[in-house]
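Notes follow once the structure below has been shown.
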């Protein structure tokens, strides 16, 4: 039984130690916990969904189920660029508030590698003076060369899994969308 | 019990195992290809085997998980050794699964499979497989022992008390059992009710009496097993009552039928509440349904007439509750009797044990009550078993839904192959023939899969018999319900949701439609009013018709009421069907007396909403003095719709064909604008607002003027819009898929569908569009 206990421990421990999948957005490098990742697929045609905030790119057909795809560049208000053939969609599994498992996809420029990080190698998120995105950041690591920002992917996605309504035209600014979500809870 | 839990686990494991084979095929030494998918599959496996699986399988999954963890902790790439290990693991798993399925002895785990590859000294101590996972098995044994002990205690103490008992569900441990019990009970209670109504007509029908008796008995068994004593006691007493009837000690009369109906209603309330709690509402709250009065009543009836002077309570109890009696007799026998109860519904193995346990109490009982149910009961069980084995399989719905979904995918994949440009350039006769055969087989398969979801409307219809009876009694009217086409099949989801609207409409038909017997006689009609409920295929869907020969809808009265309430403008000219549809307005009621049953003006609007949510329509026809007819037109299934594929700019959307009235290319002059903004188009003399879809959705359109595009006239309720799109691409059947959490609060789209080229098409929600 101790194997199971071990697996549970890795899941439940508040520690940030663990394996991270790293990927790039522009020149920056990010990481998300491997435990959330279900699979990585090639960028495929995405059906845009009208009247949605710009960072919700649309929906794709993932082997018969329809899943929503987020544009992380737009979500973090990074500069927009065309995706090349290294771009992929990372499919993440989330457990929503009602306990239902949902899959969602995130477009990234390129997937780098899986790294093993322990708590000591992760520094807390630097304070940018109330930047709207810092709430998604688990921490920052310089291990394995270069600065990598570790993201709380569940927080990013659950934010969008509960968008309260289709936003009126002209409104889909990130900050607005977020405050609207907060209010609705 | 494990046998009832394993199947879902087993099939999940088999599926994951198959996925694993695919992933393993692509694994390359010194690379990380496939590492994440394999990890994810193993996570799935861990979840699946958590519930119920042979210990060897659990350990094997843990072992493999350990290996992958080591890879993550180490190089992050597959070593050749790891691949060999995983491959042999996969082979071992195949054997293990085969053994599991046949319920044979499990193969032994290879010796080297403890802490993964011996070369790596990992921090994660993966245990030796055989010794560790032992815990999952023993628990079931102690639990069983506990529960039987408890059952004995409860059984003994339950004898005396009579007040209202609350039941508390053990949702955590008994979830699966409760689910099964709930499903079964709903069916049993429904059968009981049907039987009682038959009995009312024909009190001496011994087959029906027996079948009701058996149904109560089965119910009692289930309730007892789950320690739902309040239900068990009530079912027990009702069963005793029926037993007395069966043995001709009591004559069936309306008092008895009514008390049994009341009892089965109480049980129904319990069951309903259990259903609620299973679904997570008020979970854990104690459930109390007043039953003491009914039980007292039953006992009074029982003691009143045929039984010896001993008090009804003491007689009624031992009649066949073997547990209680045996407690004082023979402890060994108790455990046997208790053990037999859990298995009651499942296997033939019951009968021998029921008989053996039955023999000893029988003798003792014989002293108290001359004729005991026991001997017959054994037979009753056997009958129940053979009945359930008559060619039906009970399945969980998700399995059906998954199958239907997969078949939908297969059909799409098939058309992707056929339409592939490369395939089309090949000029091979054999290929063309094979492809045709593939198409034929897939579409046949799809039709078959779809038919699996279809159930006859019979059950939903038969519930109405009771309703008509009750409403008739309460209102003092004489009404008969005639059912037609009960074998017509509909998607089970639709049948489920059809229940409430039907109840409302049938109740209205009896309460408002049918006149009092004297009134009918004065009008020259038969005293007995008739409500006819029928189902038939029509216009590619299903037509449900509710027809009464009552007084009919009074159009003038309705119109006056509508004007009074401000729903209709004074002096407006309404067609008859428009006037009739006023009854669907919220808060609209023309009943002069608000009765307990209907006429509060809530209901018909809900009826309409419910039916529209099923993508159905309601039409009313009525003639004063002759009666009213409600036609409900429903689609055959909710999973598939007939869609019109339209193009706007580069995007494609699907409009459900059922809402489309017509489509045309507007000629110059047909479209006029108002205030230079809103455009209207004249469709068959009716001015219809135009909705330029591209402009509304912010998509650049190809058609610069309306005349270059296509108008699609859609309607929902009374509202209609002419939707302006660039082109009409085609008509096709699509499988509706949910868009998921992200889009659950928008109302513009009804869902998505995978199109022929594998991309997702969005289905527009016409109800929203017509309000824009």
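Residue numbers (the working numbering), protein chains in the order written: chain A, 72 to 256; chain B, 551 to 1322. Beta carbons are placed, not taken as given, at the ideal position from N, Cα and C, and that holds for glycine. Nothing here was measured: the structure is a model prediction, and the numbers come from that model.
Alpha carbon to alpha carbon, how far is residue j from residue i? Give it in angstroms, no decimals.
i, j, result
"residue 834 of chain B", "residue 1002 of chain B", "35 Å"
"residue 802 of chain B", "residue 1194 of chain B", "59 Å"
"residue 979 of chain B", "residue 570 of chain B", "37 Å"
"residue 826 of chain B", "residue 832 of chain B", "8 Å"
"residue 769 of chain B", "residue 739 of chain B", "8 Å"
"residue 1225 of chain B", "residue 1238 of chain B", "16 Å"
"residue 1081 of chain B", "residue 719 of chain B", "41 Å"
"residue 1098 of chain B", "residue 1121 of chain B", "31 Å"
"residue 206 of chain A", "residue 1242 of chain B", "41 Å"
"residue 1070 of chain B", "residue 1077 of chain B", "6 Å"
"residue 1104 of chain B", "residue 1130 of chain B", "9 Å"
"residue 1155 of chain B", "residue 1132 of chain B", "9 Å"
"residue 180 of chain A", "residue 1135 of chain B", "54 Å"
Can you give the beta carbon distance from residue i to residue j, rounded, assuming they're within the 8 Å contact cut?
i, j, result
"residue 87 of chain A", "residue 193 of chain A", "5 Å"
"residue 141 of chain A", "residue 102 of chain A", "The pair is not a contact, with the Cβ atoms about 17 Å apart (cut-off 8 Å)."
"residue 794 of chain B", "residue 844 of chain B", "No, residue 794 of chain B and residue 844 of chain B are not in contact; Cβ-Cβ is about 16 Å, not under 8 Å."
"residue 577 of chain B", "residue 130 of chain A", "No, residue 577 of chain B and residue 130 of chain A are not in contact; Cβ-Cβ is about 31 Å, not under 8 Å."
Can you find a CB in chain B that lies within less than 9 Å of the CB of residue i?
i, result
"residue 219 of chain A", "no"
"residue 108 of chain A", "yes"
"residue 121 of chain A", "yes"
"residue 30 of chain A", "Not covered by the structure: residue 30 of chain A. The range shown for chain A is 72 to 256."
"residue 184 of chain A", "yes"
"residue 213 of chain A", "no"
"residue 136 of chain A", "yes"
"residue 125 of chain A", "no"
"residue 193 of chain A", "no"
"residue 102 of chain A", "no"
"residue 93 of chain A", "no"
Is residue i close to chain E? Criterion is C-beta to C-beta, closer than 9 Å.
i, result
"residue 90 of chain A", "This model lacks chain E altogether; the protein chains it does include are A and B."
Quick one: using the 10 Å Cβ neighbour count with 16 as the cut-off for buried, is residue i buried or exposed?
i, result
"residue 563 of chain B", "buried"
"residue 976 of chain B", "exposed"
"residue 1014 of chain B", "buried"
"residue 592 of chain B", "buried"
"residue 90 of chain A", "buried"
"residue 575 of chain B", "exposed"
"residue 166 of chain A", "exposed"
"residue 787 of chain B", "buried"
"residue 1292 of chain B", "buried"
"residue 804 of chain B", "exposed"
"residue 1079 of chain B", "buried"
"residue 1051 of chain B", "buried"
"residue 1256 of chain B", "buried"
In the DSSP assignment, find the beta strand (DSSP E) that holds residue i and state where it starts and stops.
i, result
"residue 1346 of chain B", "Given that chain B is displayed from residue 551 to residue 1322, the structure contains no residue 1346 of chain B and the question cannot be resolved."
"residue 1098 of chain B", "1091–1098"
"residue 1225 of chain B", "Note, residue 1225 of chain B: premise wrong, no beta strand (DSSP E); not H, not E."
"residue 101 of chain A", "99–104"
"residue 132 of chain A", "127–133"
"residue 142 of chain A", "136–142"
"residue 1169 of chain B", "1167–1173"
Indicate whether at least one CB of chain A lies closer than 9 Å to the CB of residue i.
i, result
"residue 1311 of chain B", "yes"
"residue 587 of chain B", "yes"
"residue 567 of chain B", "no"
"residue 1304 of chain B", "yes"
"residue 1292 of chain B", "yes"
"residue 622 of chain B", "yes"
"residue 959 of chain B", "yes"
"residue 667 of chain B", "Low confidence applies to residue 667 of chain B: its pLDDT is 43, below 50, so where it sits in the model is not reliable enough to give any reading."
"residue 1249 of chain B", "yes"
"residue 793 of chain B", "no"
What is the residue span of the alpha helix (DSSP H) that residue i lies within?
i, result
"residue 1155 of chain B", "1154–1163"
"residue 804 of chain B", "804–828"
"residue 1058 of chain B", "1042–1058"
"residue 1019 of chain B", "1008–1025"
"residue 95 of chain A", "Note, residue 95 of chain A: premise wrong, no alpha helix (DSSP H); beta strand (DSSP E) at 89–96."
Can we count residue i as close to the ligand GTP, meaning its CB is less than 8 Å from some heavy atom?
i, result
"residue 130 of chain A", "This structure simply doesn't include the ligand GTP, nor any ligand for that matter."
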